[in-house]
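K.L.:
The structure follows.
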Amino acid sequence: MSALGELGSLRGKKTAGQKRDNLAGYLFLAPWLLGLFLITIGPMLASLYLSFTDYNLIQAPKWIGLDNFTRMLSDERLHNSLRVTFTYVFVSVPLQLAIALLLAVVLDRGVRGMAFYRSVFYLPSLLGSSVAIAILWRQVFGTTGLLNQLLDLVGIHGKGWISDPSTALGTLVVLNVWTFGSPMVIFLAGLRQIPSMYYEAASVDGAGTLRRFFSITLPLLTPIIFFNLVLQIIHAFQAFTQAFVVSGGSGGPSDSTMFFTLYLYDRGFGNFDMGYASAMAWFLLVIIGIFTAANFLLSKYWVFYDD
Amino acid sequence: MTTETLRTTVAARRTGVVTWARVRPLVIHVVLAASALVMLYPVIWMVVSSLRPGNEIFRDPGILVKDLRIDNYRVGWNALTEPFTRYLLNSAVVVLGSIFGNLVSCSMAAYAFARLEFVGKKFWFAIMLLSIMLPIHVVIVPQYILFSHAGWINTFLPLIVPKLLATDAFFVFLMVQFIRGIPRELDEAARIDGCGRGSIFLRVILPLMVPALATTTIFTFIWTWNDFFSQLIYLTDPHMYTVPVALRGFVDSTSSSSWGSMFAMSVVSLVPVFLAFLFGQRFLIKGIATTGIK
């Protein structure tokens with residue numbers, strides 16, 4: 005009887021505590037919830053509505069149904085911007101991750117001065133998104149820029165890499181690959197987690213360096229590779245600053261660096277075609293969503309979880 | 003095969019192994035140092051070039067300075083509508099406001115997610131994770147409309163207020179991960195001593211999560227300092243320009259004579275990032291690693 009009473013009072017305490025937890029939980033969450041509704045979900049729904057309208061900021065939005073979306077179907081510049089963005093994402097992200105993985109594996113093998121190299125390789129990922137580095141890139145790959153000055157020393161006469169539509173996008177790919185430091189640091193942390201006994205056992209069995217890499221390191225690192233892949237793809241789809249500054253805000257030459265985000269900016273804030281820009285933004289969200297979902301679906305075929 | 007030849011081959015192989023083992027670290031060092039130099043060369047060259055007379059940028063790919071000149075800095079500082087001090091101060095205001103906002107709002111949300119049991123927690127947590135991946139472009143147009151109706155264009159409010167409302171959900175996630183590593187026994191002990199949830203947060207959790215707060219501070223500093231897209235959209239009055247938007251003004255006036263001062267001001271803009279990196283790299287690297295693993 006007394007035990008039952010105790011149980012009851014315990015339960016009573018628990019519910020009272022739970023109520024207080026509910027209250028406290030939502031109080032602590034209040035700023036975030038406010039932001040979620042006012043700054044994120046509200047505007048998201050508003051932009052969904054605007055994507056079905058014609059809106060120039062001055063006159064009230066005019067409902068035009070699916071016109072913005074059908075317009076996107078026949079918008080050649082938009083198709084081009086998609087091509088540019090896809091090329092950028094699918095060339096620069098794998099390259100960046102491959103280099104990050106390679107250097108992480110080298111650094112992980114107990115190189116003396118490892119912390120120093122890690123810092124040096126990491127630094128560009130902090131600088132890479134700045135306008136200053138974009139300005140530097142404009143100079144380095146310009147007609148009389150650093151690269152061509154260096155090429156001149158060995159007798160090669162280089163062209164203007166940024167002014168040539170066939171190589172302008174390449175300079176931006178190089179810039180993204182240059183920031184391989186942050187995925188590299190994530191790889192390094194992942195490599196630390198691999199138990200050394202696996203390697204010892206493999207060595208006893210006579211496995212060489214390459215064999216150990218492909219049979220132990222790579223499979224056990226697949227969750228980290230997957231994580232980096234998802235993150236960097238999402239990131240690369242949204243790239244803006246570098247293309248904007250390197251091309252002088254135009255996406256040129258001949259739209260060769262016109263990323264989807266640049267075109268969106270041009271429509272929305274260059275021409276105040278806010279309805280169309282909103283439709284484009286939702287299209288971008290859908291694209292990123294599809295690629296992220298595909299990544300997750302495909303992951304079960306190649307990502308290996310140890311536990 | 004005689005024992006003699008067997009012995010020599012074994013010996014030869016052994017010396018071979020020894021030399022490769024000895025040479026290998028050296029080879030790795032040379033390769034690493036060379037790639038580090040290639041990577042940083044353009045940046046070093048930019049710093050050096052900013053200290054040379056204007057036109058040499060297009061002539062000298064080397065990194066030796068014969069005579070140091072600060073002319074580019076003097077000219078660049080006053081080349082735009084406002085002195086560069088103005089832009090630095092504007093950026094500082096935005097950065098400090100953002101840091102304050104992120105520290106307060108993200109730590110509160112993180113405490114709720116990591117320690118409090120409330121109805122709908124899992125749901126909100128999932129929403130929070132999803133919002134990290136949300137492209138800013140999806141919300142920027144209506145946000146712009148909202149803030150322009152509020153009369154906030156050409157103020158720093160559109161850049162700071164969202165941070166006060168924890169819209170940088172990445173940091174919420176980072177702090178949740180960190181708080182989960184703090185032993186719950188400490189909360190319990192404080193509770194027994196009569197602490198409520200508020201004072202547990204202030205007196206137990208916050209002091210223990212200083213490393214996570216430091217990581218947040220440094221990342222917010224660097225990302226806000228470099229941020230261009232939202233500053234470009236909300237700040238159109240040269241008086242209110244931040245450093246990145248001002249630097250971009252240089253690009254528009256692309257006469258080759260201004261390259262020197264453009265480089266000089268670019269270097270100035272990178273100094274704070276470099277300093278943050280220098281003094282905060284421990285927190286940066288730890289921060290990436292902890293959020294990366296989970």
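Same order as they appear, the protein sequences are chains A and B. Each residue of the first sequence is one higher than the one before, counting from 5 in our numbering. Each residue of the second sequence is one higher than the one before, counting from 3 in our numbering. We put the CB at the ideal spot given by N, CA and C, even for glycine. Predicted model, so just to flag it, every value in this text is computed and none were measured.
How many angstroms separate the CA atom of F231 of chain B from the CA atom of T245 of chain A?
P.N.:
7 Å
K.L.:
Just to make sure I have the definition right: I need the residues of chain A whose C-beta is within less than 7 Å of the C-beta of A2 of chain B. Which are they?
P.N.:
Nothing about residue 2 of chain B can be read from this structure; chain B reaches only from 3 to 296.
K.L.:
Taking C-beta to C-beta, are P209 of chain B and I292 of chain A nearer than 8 Å?
P.N.:
no
K.L.:
Could you check whether L268 of chain A and A285 of chain A sit closer than 8 Å to each other, using their CB atoms as the reference points?
P.N.:
yes
K.L.:
Is the shortest distance between the beta-carbon of A108 of chain A and the beta-carbons of chain E less than 8 Å?
P.N.:
Any reference to chain E falls outside this structure, whose protein chains are A and B.
K.L.:
What did DSSP end up calling W286 of chain A once you bin it into helix, strand or coil?
P.N.:
helix
K.L.:
If the cut is a Cβ gap below 7 Å, which residues of chain B does A136 of chain A touch?
P.N.:
L249, S268, S271, L272
K.L.:
Identify which residue in A:S123, A:F191, A:S186 has its Cα closest to the Cα of L105 of chain A.
P.N.:
A:F191
K.L.:
Residue ranges of each alpha helix (DSSP H) run of no fewer than 4 residues wholly in the stretch 45-84 of chain B, ordered along the chain?
P.N.:
73-79
K.L.:
What do you get for M201 of chain A, buried or exposed, if any count of 16 or more other CB atoms within 10 angstroms of its CB means buried?
P.N.:
Under a 10 Å Cβ-count criterion, M201 of chain A is classified as exposed, with fewer than 16 other Cβ atoms of the shown protein chains found around its own Cβ.
K.L.:
Would you say P164 of chain B lies against chain A (beta-carbon separation less than 8 Å)?
P.N.:
yes
K.L.:
In this structure, what does DSSP give as the bridge partners for K66 of chain A?
P.N.:
A:D58
K.L.:
Return no unless some Cβ of chain A is closer than 8 Å to the Cβ of I65 of chain B.
P.N.:
no
K.L.:
Can you name the start and end residues of the alpha helix (DSSP H) that E190 of chain B belongs to?
P.N.:
186-194
K.L.:
Which ranges does the alpha helix (DSSP H) cover as unbroken runs of at least 4 residues, wholly within the stretch 195-247 of chain B, from first to last along the chain?
P.N.:
199-202, 212-228, 231-236
K.L.:
With a threshold of 8 Å between beta carbons, is L154 of chain A in contact with chain B?
P.N.:
yes
K.L.:
Chain B beta carbons: is any one of them nearer than 8 Å to that of M76 of chain A?
P.N.:
no
K.L.:
Just to confirm before moving on: does the CB-CB distance between L195 of chain A and T261 of chain A stay below 8 Å?
P.N.:
no
K.L.:
Would you please verify whether the beta carbon of Q236 of chain A is less than 8 Å from any beta carbon of chain B?
P.N.:
no
K.L.:
What residues from the stretch 115-132 of chain A come within 8 Å of chain B, judged by C-beta to C-beta, listed N to C?
P.N.:
V115, R116, G117, Y121, R122, S123, V124, F125, Y126, L127, P128, L130, L131
K.L.:
Straight-line CA distance for L301 of chain A to Y309 of chain A?
P.N.:
15 Å
K.L.:
Please report whether the beta-carbon of P44 of chain B lies at a distance below 8 Å from any beta-carbon of chain A.
P.N.:
Chain A, which has a Cβ nearer than 8 Å to the Cβ of P44 of chain B, makes this yes.
K.L.:
So V140 of chain B and M48 of chain A are in contact, right, with Cβ under 8 Å, and what is the actual spacing, rounded?
P.N.:
6 Å
K.L.:
Is the beta carbon of Y89 of chain B sitting closer than 8 Å to the one on T222 of chain B?
P.N.:
no
K.L.:
Which ranges does the alpha helix (DSSP H) cover as unbroken runs of at least 4 residues, wholly within the stretch 97-175 of chain A, from first to last along the chain?
P.N.:
118-131, 135-144, 150-157
K.L.:
Compute the beta-carbon to beta-carbon distance between S201 of chain B and A81 of chain B, rounded to the nearest angstrom, for a pair I have assumed lies under 8 Å.
P.N.:
Their Cβ separation, rounded to whole angstroms, is 53 Å, which puts S201 of chain B and A81 of chain B out of contact at 8 Å.
K.L.:
Can you list, in chain order, the residues of its chain with a C-beta nearer than 7 Å to that of P128 of chain A? Leave out the 5 residues immediately preceding and following it.
P.N.:
Taken in chain order, the residues that qualify are W182, T183, G185.
K.L.:
In three-state terms, what does DSSP make of I138 of chain B?
P.N.:
coil
K.L.:
Which of the three DSSP states is assigned to Y309 of chain A in this structure?
P.N.:
Three-state result, Y309 of chain A: coil.
K.L.:
So, under 8 Å CB-CB, T219 of chain B and V96 of chain B are touching, yes? Tell me the CB distance rounded to an integer number of Å.
P.N.:
Actually they do not touch by this definition, with Cβ atoms about 14 Å apart.
K.L.:
Since P223 of chain A meets chain B, which of its residues come closer than 8 Å, beta carbon to beta carbon?
P.N.:
Scanning chain B for C-beta atoms nearer than 8 Å to the C-beta of P223 of chain A yields nothing, as the closest lies near 17 Å away.
K.L.:
With H, G and I counted as helix, E and B as strand and the rest as coil, what does DSSP make of W126 of chain B?
P.N.:
helix
K.L.:
Rounded to whole angstroms, what is the Cα-Cα separation between F125 of chain B and F94 of chain A?
P.N.:
33 Å
K.L.:
Take the Cβ of Y59 of chain A as the centre, count every other Cβ of all protein chains shown within 10 Å, and call the residue buried at 16 or more, exposed below.
P.N.:
buried
K.L.:
Within the same chain, show all residues whose beta-carbon is closer than 7 Å to that of S167 of chain A, passing over the 5 residues directly before and after it, in chain order.
P.N.:
T147, P257
K.L.:
Give me the subset of the stretch 196-217 of chain B whose CB atoms are less than 9 Å from a CB atom of chain A, sorted by chain position.
P.N.:
G198, R199, G200, F203
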